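Engineer:
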Amino acid sequence: MKKDYDKTLSRLVGILTKLSDGEMPTSKELADEYNVTVRTIQKDIKERLYYYPIVKDNEHKYRFEYGYSLKRTTLTNNEMVFLNLALSQFEDVDDIDEVKDSIYKKIINKNFYSPYFIKQDDLEDIDIHSSFISELEQIIEDKEIVVITFSNQKKELELYKIAAFDGFWYLLAKDRQEKKVKVFRLSDIKHIEKTAYYHKTTDKYVDEVLGRVHSAFFEDGNSFDVEVKVYKEIAIYFKNRDFLESQELLKEYDDGSLLIRFSVTHDEDIDNIIKSWLPHIEVLKPQRYRQKLLKELKNYIYKLETN
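Just so we're aligned, residue -17 is where the sequence shown starts under our numbering, counting upward by one.
This is the structure:
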């Protein structure tokens, strides 16, 4: 037990030190460095280091809130983590949460006020410590082939990742019958049957697939390009940020507008991005998608005018 405790303490201190030094690691990077699972790192951040103002940016990198410094606390890293772990041994004591809140507010947040507000996307509730999620994680790690019964279908699958899109949790897996990678709602899973057979899909392949996944509507093998003209009024946002991993700047016009190309597998991959920037963005290609969007907008305007 002491050995495990020492490893946990060293890992937590190491994470705090990285964040204090301005590093911005991902869960995967931390998991690889400390030889633990991504789930363990997520538990570290969510539970063991809960009272630290740690946030995750759009690239899934952890950092302290702007303006926060460990120098503002009255204890050292080691002392803070030790106190955190010690208090965790009293979870069954009445009002322990209230006591912990009081202690941490006095120690960690003393003289700390962040002028920044960063809104994180709300996610569908999921118990990452449930036996159901633990079983999925183990299956993914072991690369065991399983048969999963969903609300309306039964599939033999290779499980690759548990993923979140637009606030909902999904399972990224390969349908062995159709030989395509698909996305399945986690909440639709009714039963998991292990087969004692294993696949040999490499992590490199999974990473390549993830690079093409932009939404829960991902369709494996159905890739096409969407070219848009971004008007000068919003060009700065597209120059400073990639809204999809496949975003590519093709041309910058003299008037400040941009020609941007996206590689997607489904209209829904790009739909919300286009609609959220109207009227300062124009779909150029493909013509099919341009006409579809135009029809949707005409129908929307018609409904507004007739209601």
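Backbone N, C-alpha and C fix where the C-beta goes; we use that ideal spot for every residue, glycine too.
Remember, it's a predicted structure, so these values are computed and weren't measured experimentally.
Relative to the C-alpha of PHE225, which candidate in GLY(-4), ILE256, THR(-1) and PHE199 has its C-alpha closest?
Structural biologist: The shortest Cα separation from PHE225 among GLY(-4), ILE256, THR(-1) and PHE199 belongs to ILE256.
Engineer: With burial defined as no fewer than 16 other Cβ atoms inside 10 Å of the residue's Cβ, what is the status of TYR282: buried or exposed?
Structural biologist: Under this definition TYR282 is an exposed residue.
Engineer: So, ILE252 versus VAL212, is the Cβ gap smaller than 8 angstroms?
Structural biologist: For ILE252 and VAL212, no; Cβs fall outside 8 angstroms.
Engineer: Taking the straight line between their C-alpha atoms, what separation do you get for GLU175 and PHE132?
Structural biologist: Rounded to whole angstroms, GLU175 to PHE132 spans 12 angstroms at the Cα level.
Engineer: Give me, in chain order, the residues of the same chain whose beta-carbon lies closer than 6 angstroms to that of LYS164; leave out the 5 immediate sequence neighbours on both sides.
Structural biologist: Excluding residues within five positions, the ones whose Cβ falls inside 6 angstroms are ASP157.
Engineer: Note down, one range per segment and in chain order, each beta strand (DSSP E) of at least 3 residues found wholly within the region 143 to 174.
Structural biologist: Qualifying beta strand (DSSP E) stretches, in chain order: 150 to 157 and 162 to 167.
Engineer: Does PHE46 come out as helix, strand or coil in the three-state DSSP assignment?
Structural biologist: It is a strand residue.
Engineer: In whole angstroms, what is the alpha-carbon distance linking THR(-10) and LEU105?
Structural biologist: Spanning the two alpha carbons is a distance of roughly 27 angstroms.
Engineer: According to DSSP, simplified to helix, strand and coil, what is ARG243?
Structural biologist: Three-state result, ARG243: strand.
Engineer: So the candidates are GLN269, TYR219 and GLN24; which of them puts its Cα closest to the Cα of GLU209?
Structural biologist: Closest by alpha carbon: GLN269.
Engineer: Suppose contacts are defined by Cβ-Cβ distances below 8 angstroms. Is LEU118 in contact with LEU141 by that definition?
Structural biologist: Cβ atoms of LEU118 and LEU141: closer than 8 angstroms.
Engineer: Around the C-beta of ASP3, are 16 or more other C-beta atoms found within 10 angstroms, so that it is buried, or is it exposed?
Structural biologist: So ASP3 counts as exposed.
Engineer: On the three-state DSSP scale, how would you describe PHE199?
Structural biologist: If DSSP states are grouped into helix, strand and coil, PHE199 belongs with coil.
Engineer: Closest by CA to ILE36, which one among GLU11, ALA155, THR288 and LEU(-2)?
Structural biologist: Taking only the C-alpha atoms, the option nearest ILE36 is LEU(-2).
Engineer: In the DSSP assignment, find the alpha helix (DSSP H) that holds LYS211 and state where it starts and stops.
Structural biologist: Unbroken run through LYS211 is the beta strand (DSSP E), 206 to 212; no alpha helix (DSSP H).
Engineer: Compare the beta carbon distance of THR19 and LYS43 with 8 angstroms and say whether it is the shorter of the two.
Structural biologist: Cβ atoms of THR19 and LYS43: not closer than 8 angstroms.
Engineer: For my contact list, LEU(-6) and ARG30 are in at a C-beta cut-off of 8 angstroms; report their separation, rounded to the angstrom.
Structural biologist: About 6 angstroms separates the two Cβ atoms, so the contact holds.
Engineer: In chain order, what residues of the same chain have a beta carbon less than 8 angstroms from the beta carbon of TYR152, not counting five sequence neighbours either side?
Structural biologist: Only ILE144, ALA145, ALA146, VAL165, PHE166, ARG167, LEU168 and ALA198 meet the Cβ criterion.
Engineer: Which of the three DSSP states, helix, strand or coil, is assigned to TYR235?
Structural biologist: DSSP places TYR235 in coil when its eight states are reduced to three.
Engineer: Tell me, to the nearest whole angstrom, how far the beta carbon of ILE121 is from that of ILE115; I am working on the premise that it is less than 8 angstroms.
Structural biologist: That belief does not hold up - the Cβ atoms of ILE121 and ILE115 are roughly 11 angstroms apart, past 8 angstroms.
Engineer: Drop a sphere of 10 angstroms on the beta-carbon of ALA178, count the other beta-carbons inside from all chains shown, and report buried for 16 or more, exposed for fewer.
Structural biologist: Burial call: exposed.
Engineer: Report yes if the CB atom of TRP259 is closer than 8 angstroms to the CB atom of ILE218, and no otherwise.
Structural biologist: Cβ distance not < 8 angstroms, so TRP259 and ILE218 don't count as in contact.
Engineer: Name, in chain order, the residues that DSSP records as bridge partners for ILE130.
Structural biologist: DSSP, once it has assigned bridges, lists LYS137 and ILE174 as partnering ILE130.
Engineer: Keeping to the same chain, check which residues put their C-beta closer than 7 angstroms to that of LYS10; ignore five residues upstream and five downstream.
Structural biologist: For LYS10, where only same-chain residues beyond five positions count, the Cβ hits under 7 angstroms are VAL20.
Engineer: Skipping 5 residues on each side, what residues in its chain have a beta carbon closer than 7 angstroms to that of GLU278?
Structural biologist: So the list is empty, once near-sequence residues are dropped.
Engineer: When you compare each of VAL195, LYS137, GLU160 and ASP236 to ASP148 by their alpha carbons, which one comes out closest?
Structural biologist: Checking every option, the nearest Cα to that of ASP148 belongs to VAL195.
Engineer: Quick one: give me the first and last residue of the beta strand (DSSP E) that LEU265 is part of.
Structural biologist: Before going on, a small fix: residue 265 reads as Val here, not Leu. It spans 263 to 267 - the beta strand (DSSP E) in which VAL265 sits, taken as one unbroken run.
Engineer: Does DSSP put TYR180 in a helix, in a strand, or in coil?
Structural biologist: Strand, per DSSP.
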